[in-house]
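I have placed the structure first, in the form of structure tokens, so that the comments after it can refer back to it.
There are 2 protein chains.
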Amino acid sequence: MSTLYVLGVGPGDKQLLTPKASAAIEKSTDLVAYGLYLDLLGELCDGKKHHDLPLGEEIGRARLALDLAAQGKTTALISSGDIGIYAMATLVFELLDQQLQGNEQNPQWLDVEIEVVPGISAMQAGASRVGAMLGHDFCTISLSDLLTPWQTIEKRLHACGQGDFVVSFYNPKSKKRDWQINTARDILLQYRPASTPVLIGRQLTREDESITITTLEKLHADDVDMFTLVSVGNSESRHILNGNKEWVYTPRGYSKKL
Amino acid sequence: MSTLYVLGVGPGDKQLLTPKASAAIEKSTDLVAYGLYLDLLGELCDGKKHHDLPLGEEIGRARLALDLAAQGKTTALISSGDIGIYAMATLVFELLDQQLQGNEQNPQWLDVEIEVVPGISAMQAGASRVGAMLGHDFCTISLSDLLTPWQTIEKRLHACGQGDFVVSFYNPKSKKRDWQINTARDILLQYRPASTPVLIGRQLTREDESITITTLEKLHADDVDMFTLVSVGNSESRHILNGNKEWVYTPRGYSKKL
Chain A
1 MSTLYVLGVG
11 PGDKQLLTPK
21 ASAAIEKSTD
31 LVAYGLYLDL
41 LGELCDGKKH
51 HDLPLGEEIG
61 RARLALDLAA
71 QGKTTALISS
81 GDIGIYAMAT
91 LVFELLDQQL
101 QGNEQNPQWL
111 DVEIEVVPGI
121 SAMQAGASRV
131 GAMLGHDFCT
141 ISLSDLLTPW
151 QTIEKRLHAC
161 GQGDFVVSFY
171 NPKSKKRDWQ
181 INTARDILLQ
191 YRPASTPVLI
201 GRQLTREDES
211 ITITTLEKLH
221 ADDVDMFTLV
231 SVGNSESRHI
241 LNGNKEWVYT
251 PRGYSKKL
Chain B
1 MSTLYVLGVG
11 PGDKQLLTPK
21 ASAAIEKSTD
31 LVAYGLYLDL
41 LGELCDGKKH
51 HDLPLGEEIG
61 RARLALDLAA
71 QGKTTALISS
81 GDIGIYAMAT
91 LVFELLDQQL
101 QGNEQNPQWL
111 DVEIEVVPGI
121 SAMQAGASRV
131 GAMLGHDFCT
141 ISLSDLLTPW
151 QTIEKRLHAC
161 GQGDFVVSFY
171 NPKSKKRDWQ
181 INTARDILLQ
191 YRPASTPVLI
201 GRQLTREDES
211 ITITTLEKLH
221 ADDVDMFTLV
231 SVGNSESRHI
241 LNGNKEWVYT
251 PRGYSKKL
């Protein structure tokens, strides 16, 4: 029996990689990950066997990680951000579930010791770079309709509006999908002011990071790509300017007591 | 001009404290934090001046941190978890905003260099300990009605139900508040099955951690206290048993392709 570490390495800045994730990588002989994430980690991955599969091959990657661990290799399945948030962790358990139900022919998977290690997710990196955007109740919505029917996504967008949640959009756009973020904007505009602050964070915490603070009204797919996180404030979020510094925060309600 | 680090130290396990947060604490001469959090950090805090204030004195703590930094002391304002999520970060910016609007008499605050460092939040620790509970769209709701009117919280509970979001409840109970979690349960039961998996995680990642997986129907305030995180799955979340191991995951929809 061997261990499969299912771990997130954070948004990109190595200083946001937890010691627990570093230690898990060190203990592993085999790493299953999209190449770009390993490039961010640098020498920590030296001497490990690197199993890369193209983006889109998520199921293959999860199977491979379970297979390697079942063969006795201490293995790390790696995502950027938090592997539990819109990433590979859930797929590992979905495969185990299928095996337990008898829909897979891989009983050896059930002997693998699994340890999930969380990481800093993009919404947290984004919020911290502009202040405290997630300061009150928030939600996350993936705008990818590859795995989720658009009808479900649209229902969640309306619920987000009704609940006045701060919202972070993951997978806001890809090469083949470009209209979802504009539709999401239009739905939210039914519920919160056009002036609501919006963060467009690209390559957060990485060398080529760019951060734009705009308004809900001005949010447009042209300013977004697949390396972008978009967070939209709630109706009380504030965009403040202090000289050449700008911040966005979502109050918790202390102002009544200040 | 001096720096104020506004940082989260994660749920408790020092292995989940990011190097960026450690480095910020090392650079600081003054730490403003609730004593318990510093106990978790141990020797990292040796030789620093520790400014403690009782729980509930959040505004005083944020003011003190800004004051110390404005006096030229490199200061760290510290919360457990992610300081941007239901913690002190937003209060710092709320105070700056008040100063910018002329409602405070502390112009020296505006010269402080502020850097926010995110941390692993309790919902992430909880999800990772039981598998991949946050595997699809989710929200967070604080059940404390000290700063937020209950009417707003109730509106968000219904929105969460309508949107079928996985939800993590922060501040589910305190010495003076005990009915909110039961009401939250009853509202969610209007929208999702009684058998929906629920995680009750107490002192997550700490020495005295306890984790219970139950169902929405059986969730009760008696099993919850102020050190507890409660996460409720969405209508598709699955609780699976593999021998003496149990896991909860929320599928993203790959099963159609498996």
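So the sequences go chain by chain: A and B. With UniProt numbering, the residue at position 96 of the first sequence is 96, and numbering never jumps. With UniProt numbering, the residue at position 242 of the second sequence is 242, and numbering never jumps. The beta-carbon is built from N, C-alpha and C at its ideal position, and this holds for glycine as well.
With a threshold of 16 other CB atoms inside 10 Å of the CB of residue i, please say whether the residue is buried or exposed.
i: P54(A); result: exposed
i: K173(B); result: buried
i: E57(B); result: exposed
i: N171(B); result: buried
i: D46(A); result: exposed
i: E217(B); result: exposed
i: S168(B); result: buried
i: L146(A); result: exposed
i: K175(B); result: exposed
i: A89(B); result: buried
Can the beta-carbon of residue i be found closer than 8 Å to that of residue j?
i: L77(A); j: V32(A); result: yes
i: T196(B); j: G253(B); result: no
i: L16(B); j: T228(B); result: no
i: T18(A); j: I120(B); result: yes
i: S237(B); j: V248(B); result: yes
i: H51(A); j: L41(A); result: no
i: S231(A); j: G126(A); result: yes
i: V116(B); j: S128(A); result: yes
i: L91(B); j: N242(A); result: no
i: A184(B); j: L157(B); result: yes
i: L100(A); j: I85(B); result: no
Could you please give the first and the last residue of the uninterrupted alpha helix (DSSP H) stretch that includes residue i?
i: D137(A); result: No alpha helix (DSSP H) contains D137(A), which DSSP labels as neither H nor E.
i: I114(A); result: Element bounds for I114(A): not the alpha helix (DSSP H) but the beta strand (DSSP E), 113-117.
i: R192(B); result: It is not in any alpha helix (DSSP H) - R192(B) carries neither H nor E in the DSSP assignment.
i: V167(A); result: Per DSSP, V167(A) belongs to no alpha helix (DSSP H); it is in the beta strand (DSSP E), 166-170.
i: K48(A); result: Counting along the chain, K48(A) falls outside any alpha helix (DSSP H), and DSSP gives it neither H nor E.
i: S210(A); result: From DSSP, S210(A) is part of no alpha helix (DSSP H) but of the beta strand (DSSP E) over 210-215.
i: L36(B); result: 35-41
Can you round the beta-carbon distance between residue i and residue j to whole angstroms, since I take them to be within the 8 Å contact cut?
i: G12(A); j: I83(A); result: Contact doesn't hold; Cβ gap of about 15 Å is too wide.
i: residue 260(A); j: L188(A); result: In the structure as shown, chain A begins at 1 and stops at 258. Residue 260(A) is therefore absent and cannot be evaluated.
i: V6(A); j: I181(A); result: Not a contact, Cβ separation roughly 29 Å.
i: G35(A); j: G81(A); result: Between G81(A) and G35(A) the Cβ distance is about 16 Å, and since that is not below 8 Å, they are no contact.
i: E94(A); j: P149(B); result: About 39 Å; that fails the 8 Å criterion.
i: Q124(B); j: P118(A); result: 4 Å
i: W179(A); j: A221(A); result: 7 Å
i: T212(A); j: I200(A); result: 4 Å
i: S235(B); j: R192(B); result: 5 Å
i: A159(B); j: A159(A); result: 5 Å
For the beta strand (DSSP E) holding residue i, just list the boundary residues, first then last.
i: E246(B); result: 245-249
i: G8(A); result: 3-8
i: G102(B); result: First-last for G102(B): undefined, no H or E at that position.
i: R156(B); result: Not the beta strand (DSSP E): R156(B) falls in the alpha helix (DSSP H), residues 150-163.
i: I187(A); result: Here I187(A) belongs to no beta strand (DSSP E); instead the alpha helix (DSSP H) covers 180-188.
i: residue 262(A); result: Outside the modelled stretch of chain A, which goes from 1 to 258, sits residue 262(A), for which no answer is possible.
i: A76(B); result: 75-79
i: I200(B); result: 197-202
i: R238(B); result: 238-242
i: S22(B); result: Not the beta strand (DSSP E): S22(B) falls in the alpha helix (DSSP H), residues 19-27.
Residue i CB to nearest chain D CB: under 8 Å?
i: F169(B); result: In the displayed structure, chain D is absent; the protein chains listed are A and B.
Below 8 Å, can you find three or more Cβ-Cβ pairs linking the segment 25-40 of chain A to the segment 66-75 of chain A? yes
Counting Cβ pairs closer than 8 Å, one from the segment 129-141 of chain A and one from the segment 140-152 of chain B, do we hit at least three? yes
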